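Taking my numbering, the leading residue of the sequence shown gets 44, the next gets one more, and so forth.
Backbone N, C-alpha and C define an ideal beta-carbon position, used for all residues, glycine too.
Remember, predicted model here, so these are calculated numbers, not experimental data.
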Amino acid sequence: IEDQGNQIIVHLVQSYPLHCPRCGQLMLKNGFKLVKILGPSLHYKPTIWSIRKQKYLCKPSPDCPQTITKVARVKDVKYRHHISQ
Ligand SMILES: [Zn+2]
């Protein structure tokens with residue numbers, strides 16, 4: 044957490060193992076996408092959630108000829124149990 048005087052920045056990283064929805068293989072990690080969300084205020088200062096979302100890539104293979112990319116999702120109940128790993 045970073046207090047910048049007039050606002051607070053909360054840094055989060057969202058990354059978890061993800062399997063391709065088509066071929067079921069573990070997807071490759073392909074960098075991060077930075078997303079900023081205005082969150083509830085802390086100590087009467089606006090809070091900005093700076094979230095690095097993991098980007099995923101599934102390389103083309105016979106089972107999965109198209110390149111599939113996905114981005115980690117915030118508040119996704121389906122994947123929540125992976126976040127704690
Ligand atoms: Zn795949």
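Mapping DSSP to helix, strand and coil, what is residue i?
i           : result
residue 100 : strand
residue 116 : coil
residue 90  : strand
residue 124 : Because the pLDDT of residue 124 is 45, which lies under 50, any placement of that residue in the model is unreliable, and the question is left without a value.
Assign residue i to one of two classes, buried (16 or more other C-beta atoms within 10 Å of its C-beta) or exposed (fewer than that).
i          : result
residue 87 : exposed
Got a sec? Which residues, its chain only, sit under 8 Å from residue i by beta carbon, not counting five neighbours each side?
i          : result
residue 83 : 90
Give me, in chain order, the residues of the same chain whose beta-carbon lies closer than 6 Å to that of residue i; leave out the 5 immediate sequence neighbours on both sides.
i           : result
residue 116 : none
residue 79  : 91 and 93
residue 106 : 66
residue 45  : 52
Can you list the residues near ligand 2, meaning Cβ strictly closer than 6 Å to any non-hydrogen atom, in the order they appear in the chain?
With respect to ligand 2, the structure offers nothing, as its ligand set consists of ligand 1.
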